[in-house]
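Enquirer:
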Ligand SMILES: Nc1ncnc2c1ncn2[C@@H]1O[C@H](COP(=O)(O)OP(=O)(O)O)[C@@H](O)[C@H]1O
Ligand SMILES: [Mg+2]
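Chains as they are written, first to last, in this note's numbering: chain A, 1 to 254; chain B, 255 to 787.
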């Protein structure tokens, strides 16, 4: 499970995340939902031990990420918002490289698993192309395959669906639901409301680094009294578009 | 703004020094300079060479990354103009240093001089330097484009090309400067041009550097440089300008045809899809290392940067060193012939250490975001750094073997010492690599890669900052020179001693390698993500 305890991150003077707490249980898919720049990625990086929290801490399974980062990292898999990929390797080589870095013993079992993952994600065809030729969606799929190669029990996905074709998105959804039902803890971020609505058990809405609402869809509905779609809830909570400015702009253009 | 003020201050300082000191021996200087107007040809030809070596892959990289400047390419103008602009920025950047140094010197000499046209020397010098750099940079760009065309889509060949290029650079730069210092004004290199020039009746002193020297110094000391020199200068200027234009025109063609674009899975000529065979991390070495180290070795060799700026950094650093320090030092020695083999060794060493710097230091920094993967996997970064350092070993082994074979051909009697030289270089490279990795971990600009891809001043951005960079270059070179020349020194008494010295040197190097790798690895594992993401 994931447990964020009063996480705060200050970059020089700017507070990107402020006093953020939430829990994700094993078997659960949790969405961090928020506008651009609201602190989703920063929160995830703190959970992963990539950034040191300014205040607060986090627990991954039974491990404290600040005092025991090695064990905590060992159980996590992460697909970053901007996949970090070596362009001069082929996709297959990259997966192999990642597996080596994770010290997964070589052999038939590993080979088979890699092939399975690549086939599942529809990128087996491209696995012998250099990564520099990959499209955004393909990069993300390779990155996902690499993140799953060591069978993590805690999975963190940062806007994983961006740039992925509908079939791919559906596949990811099925894989994640499946892994969750096997007991994995899954945290994902998105600003696409349908994804959060369809895929996730619980949703945390954050704005300017702070949690402003949290719960299942039903609970959120209850909180936002009467509004039925997540879009309405979201816009009510984080502020809707500035209609006056839009009208002004359109007026100027024509 | 600060660099401008700095440059003006430096210029003013140089000017002051010149006008206050030179008058003391002005009369002698005039006699000396009039005797041979081509005296500074070496330096001026070197400017051209620097321009060339420093921008050899620049155009290819610019075109290759053109997807990253689509925002510029969509502007309503000819694409070649945009590429031209990029090239001119590089040219200007390459000019600045020479102008800041050269202009005040000539201005000072012009002030002292009593010859009527002497004051013209300084402004004309600016134009001439621009001409030199323009030629160097555009030839470099074109050569790079040519190479990239040949290598497009061929990964293994690129790897080999990297090796060949660096070995060639050692050999060529030694020969080129050998000829400058010991025979004439570097005419060997321009032989082909001379022959054509002779046919059309121009003087044989026709290297660009000679022309610049003759005209600027000629103006100062009031010595008549001939019409041919002026014609040559104009001709070189025209050639330079045509070359820049040709360069940007070829860039445009290359861009449209798409064979350079990173991201093309096919060569443009055929429908053939490039399918890269997978490289297996562990099969290429006779030794076995632990998984992390061997993976790191393999990764580094498979993905080492070959873009312009990196090769430029790699080549220019040692070439500069060899040209300004090693060779003049040997020039002083009268008994020239006996020193030639040492000249090769002296030239080889900075290249050997430079492999370490670029494979372990620069690459570590350019790996930037990949640090995230390593930190997430809790990889043992000490082992990983060792792998990076060791990945340069085959290249050093190759380059030093090639140079040794050349020495062997020239001085067969050296044979008992050559294996010691090769191994000495290999071990020195371990020190260079681990020191560089440590410097990178301390002062690496892990976002350097992104800054560079913005295209402007591609060769400018140093991946390692300030003092760390100095530390990364100075210490390993000192170790290498002291070590290898001690080996050669005692080897001159008895070859057997050389191997005793080598064992001691190897041991020291290995210890340094272990301790610096350890320190580098520890630092890297503690770097916060905000440093590289
Ligand atoms: N390394 C950093 N230094 C300074 N500010 C940062 C850094 N990383 C992120 N930020 C800022 O923190 C805020 C939250 O960023 P982020 O977590 O990436 O948002 P999200 O993922 O929700 O779009 C943004 O305003 C961003 O500019
Ligand atoms: Mg984000």
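Built from N, CA and C at the ideal position, the CB exists for glycine as well.
No experiment lies behind these values; they were computed from the predicted model shown.
Sorted by chain position, which residues of the same chain lie with C-beta nearer than 8 angstroms to residue 369 (chain B)'s C-beta, five sequence neighbours on each side aside?
Expert: Within the second chain, residue 369 (chain B) is the residue found at index 115, counting from 1. For residue 369 (chain B), where only same-chain residues beyond five positions count, the Cβ hits under 8 angstroms are 473, 474, 475 and 476.
Enquirer: Using the C-alpha atoms, what's the distance from residue 300 (chain B) back to residue 250 (chain A)?
Expert: Here residue 250 (chain A) refers to the residue found at position 250 when the first chain is read from its first residue. Here residue 300 (chain B) refers to the residue found at position 46 when the second chain is read from its first residue. Taking the straight line from one Cα to the other gives about 60 angstroms.
Enquirer: Who pairs with residue 31 (chain A) in a beta bridge, going by DSSP?
Expert: Position 31 of the first chain holds residue 31 (chain A). Looking at the DSSP assignment, residue 31 (chain A) forms a beta bridge with A:188 and A:203.
Enquirer: Under 9 angstroms Cβ-Cβ, which residues of chain B neighbour residue 11 (chain A)?
Expert: Along the first chain, one-based indexing puts residue 11 (chain A) at 11. What residue 11 (chain A) touches in chain B: 784.
Enquirer: What three-state label does DSSP hand residue 457 (chain B) in the structure shown?
Expert: Numbered from its first residue, the second chain carries residue 457 (chain B) at position 203. At residue 457 (chain B), the pLDDT of 40 sits below 50, so the modelled position is not reliable and the matter cannot be decided from this model.
Enquirer: Measuring straight from C-alpha to C-alpha, what distance separates residue 376 (chain B) and residue 340 (chain B)?
Expert: As a working note, residue 376 (chain B) is residue 122 in the second chain. As a working note, residue 340 (chain B) is residue 86 in the second chain. Computed Cα separation, rounded: 27 angstroms.
Enquirer: Once the 5 residues before and after residue 772 (chain B) are set aside, which same chain residues still bring their CB inside 7 angstroms of it?
Expert: On the second chain, residue 772 (chain B) is found 518 positions in, with the first residue counted as 1. 636.
Enquirer: What residues in the stretch 291-325 of chain B bring their beta carbon closer than 7 angstroms to a beta carbon of chain A?
Expert: Hits within the stretch: zero.
Enquirer: Quick check on the DSSP output: the beta strand (DSSP E) that includes residue 765 (chain B) runs from which residue to which?
Expert: Here residue 765 (chain B) refers to the residue found at position 511 of the second chain. Unbroken run through residue 765 (chain B) is the alpha helix (DSSP H), 749-780; no beta strand (DSSP E).
Enquirer: Rounded to a whole number of angstroms, what is the C-alpha to C-alpha distance between residue 315 (chain B) and residue 405 (chain B)?
Expert: Counted from its first residue, the second chain places residue 315 (chain B) at position 61. Counted from its first residue, the second chain places residue 405 (chain B) at position 151. When rounded, the distance between both Cα atoms is 13 angstroms.
Enquirer: Taking three-plus beta-carbon pairs below 8 angstroms as touching, is the stretch 156-176 of chain A in contact with the stretch 14-23 of chain A?
Expert: With a cut-off of 8 angstroms, the stretch 14-23 of chain A and the stretch 156-176 of chain A do not count as touching, because too few Cβ pairs lie within range.
Enquirer: State the DSSP-derived secondary structure class of residue 15 (chain A), mapped to helix, strand or coil.
Expert: Position 15 of the first chain, counted from the first residue, corresponds to residue 15 (chain A). If DSSP states are grouped into helix, strand and coil, residue 15 (chain A) belongs with the strands.
Enquirer: Any contact of the stretch 182-192 of chain A with the stretch 208-218 of chain A, i.e. 3+ C-beta pairs under 8 angstroms?
Expert: In short, these stretches do not touch, since the Cβ pair count stays below three.
Enquirer: Which residues in chain A sit within 8 angstroms of residue 473 (chain B), going by Cβ to Cβ distance?
Expert: Walking along the second chain from the start, residue 473 (chain B) turns up at place 219. Within 8 angstroms Cβ-Cβ: nothing; residue 473 (chain B) doesn't reach chain A, min ~51 angstroms.
Enquirer: Who are the Cβ neighbours of residue 83 (chain A) in its own chain at under 8 angstroms, not counting the five residues just before and after it?
Expert: Counting from 1 along the first chain, the entry for residue 83 (chain A) is found at position 83. Same-chain partners within the cutoff: 139, 140, 142 and 143.
Enquirer: Which residue or residues does DSSP assign as beta-bridge partners of residue 76 (chain A)?
Expert: The residue you call residue 76 (chain A) lines up with position 76 of the first chain. Answer by DSSP bridge pairing, in chain order: A:154.
Enquirer: Please report how far the alpha carbon of residue 660 (chain B) lies from the alpha carbon of residue 669 (chain B), in whole angstroms.
Expert: Counting from one through the second chain, the residue named residue 660 (chain B) turns up at place 406. Counting from one through the second chain, the residue named residue 669 (chain B) turns up at place 415. Spanning the two alpha carbons is a distance of roughly 11 angstroms.
Enquirer: Quick one, which of B:600, B:289, B:642 and B:618 has its alpha-carbon nearest residue 545 (chain B)'s?
Expert: Indexing the second chain from 1 puts residue 545 (chain B) at position 291. Ranking the options by Cα distance to residue 545 (chain B), first place goes to B:642.
Enquirer: Please work out which residues of its chain come closer than 6 angstroms, Cβ to Cβ, to residue 185 (chain A), disregarding the five sequence neighbours upstream and downstream, and give them in chain order.
Expert: Taking the first chain and counting its residues from 1, one reaches residue 185 (chain A) at position 185. Result list for residue 185 (chain A): 1, 2, 24, 26 and 154, in chain order.
Enquirer: For ligand 2, any of its heavy atoms closer than 7 angstroms to the Cβ of residue 40 (chain A)?
Expert: What you label residue 40 (chain A) is simply residue 40 of the first chain in a count that begins at 1. Yes - ligand 2 has a heavy atom lying nearer than 7 angstroms to the Cβ of residue 40 (chain A).
Enquirer: Does the beta carbon of residue 15 (chain A) sit closer than 8 angstroms to a beta carbon anywhere in chain B?
Expert: Taking the first chain and counting its residues from 1, one reaches residue 15 (chain A) at position 15. Taking Cβ atoms only, chain B never reaches closer than 8 angstroms to residue 15 (chain A), which makes this a no.
Enquirer: Look at the Cβ atom of residue 206 (chain A), then the Cβ atom of residue 40 (chain A), and state whether they are nearer than 8 angstroms.
Expert: Locating residue 206 (chain A) in the first chain gives position 206, counting from the first residue. Locating residue 40 (chain A) in the first chain gives position 40, counting from the first residue. Yes. Within cutoff.
Enquirer: 8 angstroms is my cut-off, CB to CB: does residue 769 (chain B) come that close to chain A?
Expert: Position 515 of the second chain, counted from the start, is the residue given in the question as residue 769 (chain B). Taking Cβ atoms only, chain A never reaches closer than 8 angstroms to residue 769 (chain B), which makes this a no.
Enquirer: Pick from A:60, A:231 and A:96: whose alpha carbon is nearest that of residue 71 (chain A)?
Expert: Sequence index remark: in the first chain, residue 71 (chain A) carries index 71 (1-based). Answer by Cα proximity: A:60.
Enquirer: In whole angstroms, give me the CA-to-CA distance for residue 498 (chain B) and residue 463 (chain B).
Expert: As a working mapping, residue 498 (chain B) is identified with position 244 in the second chain. As a working mapping, residue 463 (chain B) is identified with position 209 in the second chain. About 19 angstroms.
Enquirer: With 8 angstroms set as the bound, which would you pick, yes or no: does the beta-carbon of residue 98 (chain A) sit closer than that to a beta-carbon of chain B?
Expert: For the purposes of this step, residue 98 (chain A) is taken as residue 98 along the first chain, with counting starting at 1. Yes, residue 98 (chain A) counts as interfacial toward chain B.
Enquirer: Would you mind working out which of A:125, A:98 and A:34 sits nearest residue 85 (chain A), comparing C-alpha positions?
Expert: What you label residue 85 (chain A) is simply residue 85 of the first chain in a count that begins at 1. When each option's Cα is compared against that of residue 85 (chain A), the closest is A:98.
Enquirer: Under 7 angstroms Cβ-Cβ, which residues of chain B neighbour residue 78 (chain A)?
Expert: Locating residue 78 (chain A) in the first chain gives position 78, where the first residue counts as 1. Near residue 78 (chain A) (Cβ distances below 7 angstroms), the residues of chain B are 630.
Enquirer: Cβ of residue 397 (chain B) within 8 angstroms of Cβ of residue 310 (chain B)?
Expert: Along the second chain, read from residue 1 onward, the residue named residue 397 (chain B) stands at position 143. Along the second chain, read from residue 1 onward, the residue named residue 310 (chain B) stands at position 56. Against a cut-off of 8 angstroms, the Cβ pair of residue 310 (chain B) and residue 397 (chain B) comes out as a contact.
Enquirer: Can you tell me the Cα-Cα spacing of residue 112 (chain A) and residue 129 (chain A), whole angstroms?
Expert: For the purposes of this step, residue 112 (chain A) is taken as the residue at position 112 of the first chain. For the purposes of this step, residue 129 (chain A) is taken as the residue at position 129 of the first chain. If you take the alpha carbons of residue 112 (chain A) and residue 129 (chain A), they lie about 19 angstroms apart.
Enquirer: Taking 7 angstroms as the cut-off, is the CB of residue 34 (chain A) close to at least one heavy atom of ligand 1?
Expert: Position 34 of the first chain, counted from the start, is the residue given in the question as residue 34 (chain A). Yes.
Enquirer: Beta-carbon within less than 8 angstroms of residue 360 (chain B)'s beta-carbon, same chain only, minus the 5 sequence neighbours each way: which residues are those?
Expert: Your numbering for residue 360 (chain B) matches position 106 in the second chain. Excluding residues within five positions, the ones whose Cβ falls inside 8 angstroms are 375, 376, 379, 470 and 474.
Enquirer: Report the rounded CA-to-CA distance for residue 18 (chain A) versus residue 236 (chain A), giving the unit in angstroms.
Expert: Walking along the first chain from the start, residue 18 (chain A) turns up at place 18. Walking along the first chain from the start, residue 236 (chain A) turns up at place 236. Each residue's alpha carbon lies about 21 angstroms from the other.
Enquirer: What in chain A is Cβ-close to residue 545 (chain B), meaning under 8 angstroms?
Expert: In the second chain, residue 545 (chain B) corresponds to position 291, counting from 1. Here the neighbours are 100 and 103.
Enquirer: On a CA-only basis, which of B:509, B:555, B:504 and B:389 is nearest residue 487 (chain B)? Give me that one, please.
Expert: On the second chain, position 233 is the one that residue 487 (chain B) refers to. Checking every option, the nearest Cα to that of residue 487 (chain B) belongs to B:389.
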